[in-house]
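Undergrad: Just so we're on the same page, the numbering used here is the position in the sequence shown counted from 1, plus 3. Ideal Cβ placement from N, Cα and C applies to all residues, glycine included.
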Amino acid sequence: MNSSLYSDKSKSVLSPASAATPGSRINAGALRRMREHLLGYLFLAPSVAIFILFFFYPMARSVYLSFQLTDPRGRVAAYAGWDNYSRMMESSAFWNSLWITVKFTLMTVPAGLVLGLLCASLVHSAGKGSKLFRFIFSLPLALSVGTASILWMILYHPSLGMLNYLLGQIGFGQVQWLTDPGAALDSVSLMTVWMNSGFPFVLLLAAIQGLDNDIMDSSRIDGASMWRTFFSIKLPLLSPTLFFLAVVSIMSAFQSFGQINILTRGGPAGSTDVLVYSIYREAFINYQFGTGSALAIVLFILMLLLTAVQFLVLGKKVHYQ
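1. For valine 66, which residues does DSSP report across the bridge?
2. Kindly indicate which three-state DSSP category leucine 72 falls into: helix, strand or coil?
3. Return the first residue and the last residue of the alpha helix (DSSP H) that valine 79 is part of.
4. With a threshold of 16 other CB atoms inside 10 Å of the CB of glycine 171, please say whether the residue is buried or exposed.
5. Along the alpha helix (DSSP H) that carries glutamine 172, what are the first and last residues, could you check?
6. Entirely within the segment 197-279 and at least 4 residues each: give me those alpha helix (DSSP H) ranges in chain order.
7. May I have the straight-line CA-CA distance separating threonine 244 from leucine 72, to the nearest angstrom?
8. Is leucine 308 buried or exposed, if buried means 16 or more other CB atoms sit within 10 Å of its CB?
9. Can the beta-carbon of methionine 198 be found less than 8 angstroms from the beta-carbon of proline 143?
10. Just verifying my parser: in three-state terms, what is the DSSP assignment at proline 161?
11. Examine the Cβ distances between the segment 231-245 and the segment 88-95 and report whether three or more of them are shorter than 8 angstroms.
12. Could you check if valine 277 is buried or exposed, using at least 16 other CB atoms within 10 Å of its CB as the buried criterion?
13. Near valine 312, which residues of its chain fall below 6 angstroms by C-beta distance, leaving aside the five closest residues on each side in sequence?
14. Contact check, isoleucine 304 vs tyrosine 280 under 8 angstroms by CB: the rounded distance?
15. Can you find the residues in the same chain that come closer than 6 angstroms, C-beta to C-beta, to serine 222, ignoring five residues on each side of it along the sequence?
16. Output yes or no for whether 8 angstroms exceeds the beta carbon distance between glycine 1 and alanine 83.
17. Report the residue from Ser95, Leu118, Val126 whose alpha carbon sits nearest the alpha carbon of isoleucine 211.
18. Is leucine 45 helix, strand or coil by DSSP?
19. How many angstroms separate the CA atom of alanine 299 from the CA atom of glycine 174?
20. Whole angstroms is fine: what's the gap from asparagine 99's alpha carbon to aspartate 183's?
21. Am I right that alanine 145 and threonine 267 are in contact with their C-beta atoms under 8 angstroms? What's the rounded C-beta distance?
22. Can you tell me whether valine 316 is buried or exposed? The criterion is at least 16 other CB atoms within 10 Å of its CB, across all chains shown.
23. For alanine 151, count the other beta carbons within 10 Å of its own beta carbon; 16 or more makes it buried, fewer makes it exposed. Which is it?
24. Could you check if tyrosine 283 is buried or exposed, using at least 16 other CB atoms within 10 Å of its CB as the buried criterion?
25. Give me the Cα-Cα distance between histidine 40 and leucine 238, rounded to the nearest whole angstrom.
26. What's the call for isoleucine 103, buried or exposed, on a 16-neighbour Cβ count within 10 Å?
27. For proline 203, which option in Gly270, Gly176, Val112 has the closest C-alpha, if you only look at C-alpha atoms?
28. Pick from Tyr159, Arg36, Gln291, Leu241: whose alpha carbon is nearest that of aspartate 189?
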């Protein structure tokens, strides 16, 4: 009798707790995951809003306007279909701007990477005074495009500029750096290489300092020369950083605008009329927002294709440790 009462009491006490515990644990875990997800979405909300406001909406608006004809106020006047794209492809100005953009990219990106790698290697191997050289080589990072362009405009001045003065001291004549169609693109490219040299220098210096010294010491013990060590060991180990810089630098070169707008305004005779300046001229000078939007979409597609090609071709040659 007593044993039966004891068993009944144990069932009445233990069975409700054992039945409620799994469900409460599941509900608590689900609520905790839901709170974590909501907290994550809350932290993401400002970034998503900024992307929608300043990237996705302008992109969608540009796609829409590229198929329209607009009035000088940017209001849609009529549907144009593919006419904006067909007129652009038939225009010699578009192909001239595309060719100038390609030339500008080829003149600035390789030179900027080589200059950054050279400066980083020199600073890394230097002893005393390395901090001073780090400051000097990274100084362009602290300058805006407008400030750097004005400084180089003073240097390029035909009669008061320092460059023509130095050329005169060694017996050369004056050079019309920004007004000669044959020298304008070279001048803007030289200024761009200097202006963009700080970013590759900082990244490559950090990459060089992060290399394993044991590998370098082993190569020296094996009798490898300095150049052999650099091209066979150090350069492959730096390939991830160089690949990243190549992708970013090409994208930056295709979007260059500030220095061209300040120094040459696309001239003289269209010799510095890159694609971004053509977009600016069509949209904000000629008030052809449809044509300008079509140019912007084509530029976006070109950059997307170039990035994909770089990942397919150059990405295979990158050596990760």
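TA: In brief:
1. Beta-bridge pairing links valine 66 to no other residue.
2. Here leucine 72 sits in strand by DSSP.
3. That residue, valine 79, is in no alpha helix (DSSP H); its beta strand (DSSP E) goes 79-82.
4. exposed
5. 165-172
6. 201-212, 216-224, 229-232, 242-257, 261-266
7. 44 angstroms
8. exposed
9. yes
10. coil
11. no
12. buried
13. none
14. Contact flag wrong, Cβ pair sits at about 18 angstroms.
15. Thr232, Ile236
16. Only positions 4 to 324 of the chain appear in this structure, which leaves residue 1 out of reach.
17. From the listed residues Ser95, Leu118, Val126, the smallest Cα separation to isoleucine 211 is found for Val126.
18. helix
19. 46 angstroms
20. 17 angstroms
21. About 24 angstroms separates the two Cβ atoms, so there is no contact after all.
22. Residue burial annotation: valine 316 is exposed, with fewer than 16 other C-beta atoms found within 10 angstroms of its C-beta.
23. buried
24. buried
25. 43 angstroms
26. buried
27. For the residues Gly270, Gly176, Val112, the minimum Cα distance to proline 203 belongs to Val112.
28. Tyr159
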